[in-house]
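Numbering (the working numbering), first residue to last: 167 to 464. Just so you know, even glycine gets a beta-carbon here, dropped at the ideal spot from N, CA and C. Values in this document were obtained by computation on a predicted structure and should not be read as measured data. Okay, so here's the structure we're looking at.
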């Protein structure tokens, strides 16, 4: 079994370091970076953080002293790690001192704050962390598989663009998208999300999205003239079909991924409440526009 790689950094807490170091060496590969004690030791600490930020696959546990406030230098370090795409968990043992507003901000940034009251409870928590990381690894594999499936279906959507019949490809394209989304939902094991998907597709306004590409209209006009512009029109229309299908598929995949991630973090959470909270029109529109822009540029 692959070891869970944990990097422990942050404010210096000797007792916490000792507990992490005592973990099962067969399951965990520990790296404990001596934390800073005050601003005078932060410079050397930050240099070592920069070094380890280049390492891959680490779960970073950022420690805070009991009842110690969240400092500017902590915020700077966390921001640096997040800019490197690192998964960070902020851990405080003893008396809590992080405000609810700070916790809410971290939650939106997918940074977890964990508070355990005693050192004795730390060992159990870290073992739970290990089990959770296995689930996260599997979820990443699912997301990768879903995105590959989306790309395969894009090939079908592109072929639709070569149909030399004006305006005939809309229903076929939509049917193809429905099939793709259905497969995505099966892999994430979220059950039927037909209502949410229909709401999102309606909110995106597929016709409006298509009209953003002036070339689409040109391709349809070209098809009206027999033997003229069929290939050129097909290429342009196919590009539109590919961009729309990819952007829509990646949008639903990302939202589904977020739901599953939250379910791993909190197994007791209501799936329905999560879906309603995460599958919003606003976020779907933002993601779709983002993915569509990337597809246009590629």
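Comparing C-alpha positions only, which one of 224, 177, 356 sits nearest to residue 209?
Mapped onto the chain shown, residue 209 falls at position 43. Checked all of 224, 177, 356; the closest Cα to residue 209 is 177.
Beta bridge counterpart(s) of residue 227 as assigned by DSSP:
Counted from its first residue, the chain shown places residue 227 at position 61. BP columns for residue 227 point to 174, 255.
Can you round the beta-carbon distance between residue 421 and residue 278 to whole angstroms, since I take them to be within the 8 Å contact cut?
One-based indexing of the chain shown puts residue 421 at position 255. One-based indexing of the chain shown puts residue 278 at position 112. Residue 421 to residue 278, Cβ: 20 Å. No contact.
Paired residues, beta bridge with residue 197 - DSSP:
Against the chain shown, residue 197 aligns to sequence position 31. The partner list for residue 197 (beta bridge, DSSP) reads 173.
Tell me the rounded alpha-carbon separation between residue 232 and residue 357.
Mapped onto the chain shown, residue 232 falls at position 66. Mapped onto the chain shown, residue 357 falls at position 191. Taking the Cα positions, residue 232 is about 42 Å away from residue 357.
For residue 224, collect the residues of the same chain with a Cβ closer than 6 Å to its Cβ; drop the 5 residues on either side in sequence, then sort them by chain order.
Along the chain shown, read from residue 1 onward, the residue named residue 224 stands at position 58. Closer than 6 Å at the Cβ level, and outside the excluded window around residue 224, lie 171, 173.
Cβ-based neighbour list, residue 454, same chain, cut-off 7 Å, excluding 5 preceding and 5 following
For the purposes of this step, residue 454 is taken as the residue at position 288 of the chain shown. Hits under 7 Å: 370, 413, 414, 417.
Where does the unbroken beta strand (DSSP E) through residue 192 begin, and where does it stop?
Indexing the chain shown from 1 puts residue 192 at position 26. Neither: residue 192 is in no beta strand (DSSP E) and is coded neither H nor E.
Fully enclosed by the region 237 to 282, which beta strand (DSSP E) runs are 3 residues long or longer?
254 to 259, 278 to 282
Using a 10 Å radius around the Cβ and a threshold of 16 neighbouring Cβ atoms, would you call residue 216 buried or exposed?
For the purposes of this step, residue 216 is taken as the residue at position 50 of the chain shown. Classification for residue 216: exposed.
If you measure from the beta carbon of residue 293 to each beta carbon in chain C, is any gap under 8 Å?
Chain labels in this structure do not include chain C; a single protein chain is all it has.
Buried or exposed for residue 350, going by 16 or more other Cβ atoms inside 10 Å?
The count along the chain shown starts at 1 and reaches residue 350 at position 184. Residue 350 is buried by the Cβ-count criterion.
Report the option in 451, 428, 411 whose CA atom is closest to the CA atom of residue 462.
Translated into the one-based positions of the chain shown, residue 462 becomes position 296. If we check each option's Cα against that of residue 462, 411 comes out closest.
Run of the alpha helix (DSSP H) containing residue 221, from where it starts to where it stops
The sequence position of residue 221 within the chain shown is 55, counting from 1. Taken as a continuous stretch (DSSP letters only), residue 221 belongs to no alpha helix (DSSP H), as it is neither H nor E.
Using only alpha-carbon positions, find the residue among 316, 196, 314 that is nearest to residue 293.
For the purposes of this step, residue 293 is taken as the residue at position 127 of the chain shown. It is 196.
In three-state DSSP terms, what is residue 392?
Residue numbering aside, residue 392 sits at position 226 when the chain shown is read from its first letter. Residue confidence is low: residue 392 scores 47 on pLDDT, short of 50, so the model does not pin down where it sits. Its coordinate-derived value is still stated next. Of the three classes helix, strand and coil, the one that applies to residue 392 here is coil, per DSSP.
Would you tell me roughly how many angstroms separate the C-alpha atoms of residue 201 and residue 427, rounded to the nearest one?
Residue mapping note: residue 201 aligns to position 35 of the chain shown, counting from 1. Residue mapping note: residue 427 aligns to position 261 of the chain shown, counting from 1. Cα-Cα distance, rounded: 29 Å.
Might you give, ordered along the chain, the residues of its own chain that have their beta carbon closer than 7 Å to the beta carbon of residue 181, omitting 5 neighbours on each side?
For the purposes of this step, residue 181 is identified with residue 15 of the chain shown, where counting begins at 1. 285.
Using only the alpha-carbon positions, how far apart do residue 271 and residue 205 sit?
Indexing the chain shown from 1 puts residue 271 at position 105. Indexing the chain shown from 1 puts residue 205 at position 39. Answer to the nearest angstrom: the Cα atoms are 25 Å apart.
Residue burial classification, residue 185 (beta-carbon count within 10 angstroms, cutoff 16)
For the purposes of this step, residue 185 is taken as residue 19 along the chain shown, with counting starting at 1. Under this definition residue 185 is a buried residue.
Cβ neighbours of residue 298 in the same chain (closer than 7 Å, five flanking residues each side left out)
Your numbering for residue 298 matches position 132 in the chain shown. The residues are 430.
So, residue 250 versus residue 311, is the Cβ gap smaller than 8 Å?
Reading the chain shown from its first residue, position 84 is the one you call residue 250. Reading the chain shown from its first residue, position 145 is the one you call residue 311. Their beta carbons are not under 8 Å apart, which means residue 250 does not touch residue 311 by this criterion.
Return the chain-ordered list of same chain residues with a C-beta closer than 8 Å to the C-beta of residue 243, the five sequence neighbours on each side being excluded.
As a working note, residue 243 is residue 77 in the chain shown. Around residue 243: 175, 176, 212, 215, 228.
From the DSSP output, read off the bridge partner residues of residue 202.
Here residue 202 refers to the residue found at position 36 when the chain shown is read from its first residue. BP columns for residue 202 point to 177.
Find out if the Cβ-Cβ distance for the pair residue 254, residue 248 is shorter than 8 Å.
For the purposes of this step, residue 254 is identified with residue 88 of the chain shown, where counting begins at 1. For the purposes of this step, residue 248 is identified with residue 82 of the chain shown, where counting begins at 1. Taking the C-beta atoms as reference points, residue 248 is found nearer than 8 Å to residue 254.
In whole angstroms, what is the alpha-carbon distance linking residue 331 and residue 444?
In the chain shown, the residue the question calls residue 331 occupies position 165. In the chain shown, the residue the question calls residue 444 occupies position 278. Any reading at residue 331 must be qualified, since the residue scores a pLDDT of 40, below 50, and its modelled position is unreliable; no value is offered.
Buried/exposed call for residue 437, threshold 16 Cβ in 10 Å
Residue numbering aside, residue 437 sits at position 271 when the chain shown is read from its first letter. By the neighbour-count rule (16 or more Cβ atoms within 10 Å), residue 437 is not buried but exposed.
Compute the distance between the beta-carbons of residue 309 and residue 419, then report whether it is under 8 Å.
Against the chain shown, residue 309 aligns to sequence position 143. Against the chain shown, residue 419 aligns to sequence position 253. Taking 8 Å as the Cβ cut-off, residue 309 and residue 419 qualify as a contacting pair.
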